[in-house]
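K.L.:
So the sequence shown is numbered by this note's numbering: it starts at 88 and just counts up by one. Positions of the beta carbon are idealized from the N, C-alpha and C atoms, including for glycine. Since we're looking at a predicted model, the values are computed, not measured.
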Amino acid sequence: MLNWSGDEPEAYLALLACAPALALAVDRVLGEPAVRWHPVTWMRRYLIWADARLAPRAERVGVAAGPQLLARGAAAWSVAAAVVLALAWLLQTWVLTQPVWLATLALGLFLKPLLAWARVHDDTLAVERGLAEAPGAAQEQEAPPVGHNAAPGSAHERREGAIQRLATNLNDSLVAPLFWFALLGLPGAALFRFAHTAAATWGRRGARSPDGVVRGGSAAGLWAVRAVDALAWLPARITAVLIAGLGGPAALRGLPRLPAEAARLPSTHAGWPVAAMALALGVQLGRPGVHALNAGARAPEPDDTLRACAIGSRCALAATLLACAVLLLTLSA
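1) Run through DSSP, which three-state label would V370 get?
2) Which residues in the same chain have their Cβ closer than 7 Å to the Cβ of L352, if we skip the five residues on either side of it in sequence?
3) Could you give the DSSP three-state label for L352: helix, strand or coil?
4) Below 8 Å between beta carbons: does that hold for L212 and C396?
5) Between A106 and L198, is the Cβ-Cβ spacing less than 8 Å?
6) Between the alpha carbons of A238 and P387, how many angstroms are there, rounded?
7) Could you give the DSSP three-state label for A203: helix, strand or coil?
8) Does A347 come out as helix, strand or coil in the three-state DSSP assignment?
9) Using CA coordinates, which residue listed in L309, L329, S400 and V315 is at the minimum distance from Q155?
10) When the Cα atoms are used, what is the spatial distance from R132 to P343?
11) Quick check: the Cα distance between V171 and S165, rounded to an integer number of angstroms?
12) Can you find the residues in the same chain that come closer than 8 Å, C-beta to C-beta, to W320, ignoring five residues on each side of it along the sequence?
13) Could you check the C-alpha separation between A412 and E119 for me, to the nearest Å?
14) Look at Y99 and V187 and say whether their C-beta atoms are less than 8 Å apart.
15) Determine the DSSP secondary structure at L380, reduced to helix, strand or coil.
16) Evaluate L57 with the Cβ neighbour count: other Cβ atoms within 10 Å of its Cβ, from every protein chain shown; 16 or more gives buried, anything less gives exposed.
17) Please tell me whether T288 and I398 are closer than 8 Å, where the distance is taken between their beta carbons.
18) Just to confirm, is the Cβ distance from G373 to E247 under 8 Å?
19) At the level of alpha carbons, what is the spacing between F268 and A277?
20) Tell me, to the nearest whole angstrom, how far the beta carbon of A338 is from that of A331; I am working on the premise that it is less than 8 Å.
21) Residues bridged to R385 by DSSP?
22) Which term fits S260, buried or exposed, when burial requires 16 or more other beta carbons within 10 angstroms of its beta carbon?
23) Tell me the rounded alpha-carbon separation between G335 and F281.
24) If you run the structure through DSSP and keep just helix, strand and coil, what is G399?
25) Would the beta-carbon of P422 fall within 8 Å of that of A163?
26) From the DSSP output, in three-state form, read off L271 for me.
27) Give the secondary structure of Q179 by DSSP, where H, G and I count as helix, E and B as strand, and everything else as coil.
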């Protein structure tokens, strides 16, 4: 929570509440910080270092992959999370002692690396451009029969994957960080970004380094995945409601089916935005042989990628304005 300690009148607090909007504007205009200065890079370096010491050696998988590794993973995660929270709190405490214009600028700039939308949006469009320019793409543009899975590696399968990543990252990279920023300020957004990075780093399955270290799919990875599931539980549902509300009549009509469709994914949060996007577009999204959301609907076409990006952008703007409104109410209380 932001606790303003400056001397400006309360009317100036409306400016401070605009920090999320500033962060989104910086995201679109300037993009991501240099990799070497990005806080996610620092988080990932620690997680890789810890992973190499937590993951069981190949010859000891059966011995160390149980409760002991879970406890060690939880401890390593918790220590790092506490450091992230402390650093973000100290930074925010200093920022909130500055004049309101400087505090707003600083909050927006410090929040920016903890969220992303422009790259998510642009990467999705880049997939569609690549499909259009690929040799033989014209032949692949014809959609498979309704209710049939696209052939593995086909343009339609890659398009499905791009739309699913867009919906998932709308929550993970924007709505959830904004949600926690509105509640807890920079510490909340930083904690979620760390939790998400840990799940992505430790949660990979089947990877093994040349020295025999088994990475991902372990009890430590399970802890990281469950932690981000818990932190993203409510934001994911907010994201789904935003998609349903801003995705057009089809999205609203599909709202009663949303919980059942979301449950088709094992994650307690990822299924919600993906299911909402599938229902909004009127298409089937999934992975052949793994899962299918809105099963039986047609396969996505090029226009659906553009529609998904447009819906996502409307949701990103709405989520940012909601975060600003919550901050204004909090600061005025």
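P.N.:
Let's see:
1) The sequence position of residue 370 within the sequence shown is 283, counting from 1. Residue state, collapsed to three classes: strand.
2) If you number the sequence shown from 1, residue 352 lands on position 265. Taking C-beta separations shorter than 7 Å and ignoring five residues to either side along the sequence, the partners of L352 in its chain run G358, V361 and H378, following chain order.
3) Locating residue 352 in the sequence shown gives position 265, counting from the first residue. L352: coil per DSSP, three-state reduction.
4) By one-based count along the sequence shown, residue 212 stands at place 125. By one-based count along the sequence shown, residue 396 stands at place 309. A contact, by the Cβ cut-off of 8 Å.
5) For the purposes of this step, residue 106 is taken as residue 19 along the sequence shown, with counting starting at 1. For the purposes of this step, residue 198 is taken as residue 111 along the sequence shown, with counting starting at 1. Their beta carbons are under 8 Å apart, which means A106 touches L198 by this criterion.
6) If you number the sequence shown from 1, residue 238 lands on position 151. If you number the sequence shown from 1, residue 387 lands on position 300. At A238 the pLDDT is 44, less than 50, meaning the model places this residue with poor confidence; the figure from the coordinates comes in the next sentence. Their Cα atoms are separated by approximately 13 Å.
7) As a first step, residue 203 is located in the sequence shown; it is residue number 116 there, counting from the start. In the structure shown, A203 sits in coil (DSSP, three-state: anything other than H, G, I, E or B).
8) Your numbering for residue 347 matches position 260 in the sequence shown. In the displayed model, A347 falls within a helix according to three-state DSSP.
9) Translated into positions along the sequence shown, residue 155 becomes position 68. Considering only alpha carbons, the answer is L309.
10) On the sequence shown, position 45 is the one that residue 132 refers to. On the sequence shown, position 256 is the one that residue 343 refers to. Rounded to the nearest angstrom, the gap between the Cα atoms of R132 and P343 is 43 Å.
11) Numbered from 1 along the sequence shown, position 84 holds the residue referred to as residue 171. Numbered from 1 along the sequence shown, position 78 holds the residue referred to as residue 165. Near 10 Å, if we compare the C-alpha coordinates of S165 and V171.
12) The residue given as residue 320 occupies position 233 in the sequence shown. Taking C-beta separations shorter than 8 Å and ignoring five residues to either side along the sequence, the partners of W320 in its chain run T355 and H356, following chain order.
13) The count along the sequence shown starts at 1 and reaches residue 412 at position 325. The count along the sequence shown starts at 1 and reaches residue 119 at position 32. For A412 and E119, the distance between alpha carbons rounds to 25 Å.
14) Walking along the sequence shown from the start, residue 99 turns up at place 12. Walking along the sequence shown from the start, residue 187 turns up at place 100. Result yes, Cβ atoms of Y99 and V187 sit closer than 8 Å.
15) Counted from its first residue, the sequence shown places residue 380 at position 293. L380 falls in the strand class under three-state DSSP.
16) With the chain covering only 88 through 420, there is no way to say anything about residue 57.
17) As a working note, residue 288 is residue 201 in the sequence shown. As a working note, residue 398 is residue 311 in the sequence shown. No, Cβ-Cβ distance for T288 and I398 is not below 8 Å.
18) One-based indexing of the sequence shown puts residue 373 at position 286. One-based indexing of the sequence shown puts residue 247 at position 160. The answer is yes: Cβ separation under 8 Å.
19) Position 181 of the sequence shown holds residue 268. Position 190 of the sequence shown holds residue 277. One Cα belongs to F268, the other to A277, and the distance between them is close to 8 Å.
20) Here residue 338 refers to the residue found at position 251 when the sequence shown is read from its first residue. Here residue 331 refers to the residue found at position 244 when the sequence shown is read from its first residue. Indeed they touch by this definition, with Cβ atoms about 5 Å apart.
21) Against the sequence shown, residue 385 aligns to sequence position 298. Partner(s): V370.
22) Within the sequence shown, the letter at position 173 stands for residue 260. Buried, because 16 or more other Cβ atoms sit within 10 Å of the Cβ of S260.
23) To locate residue 335, count along the sequence shown from 1; it is residue 248. To locate residue 281, count along the sequence shown from 1; it is residue 194. Approximately 34 Å between the Cα atoms of the pair.
24) Taking the first residue of the sequence shown as position 1, residue 399 is located at position 312. The three-state secondary structure of G399, taken from DSSP, is helix.
25) With the chain running from 88 to 420 in the structure shown, residue 422 is simply not present.
26) As a working mapping, residue 271 is identified with position 184 in the sequence shown. In the structure shown, L271 sits in a helix (DSSP, three-state: H, G or I).
27) Your numbering for residue 179 matches position 92 in the sequence shown. Helix at Q179.
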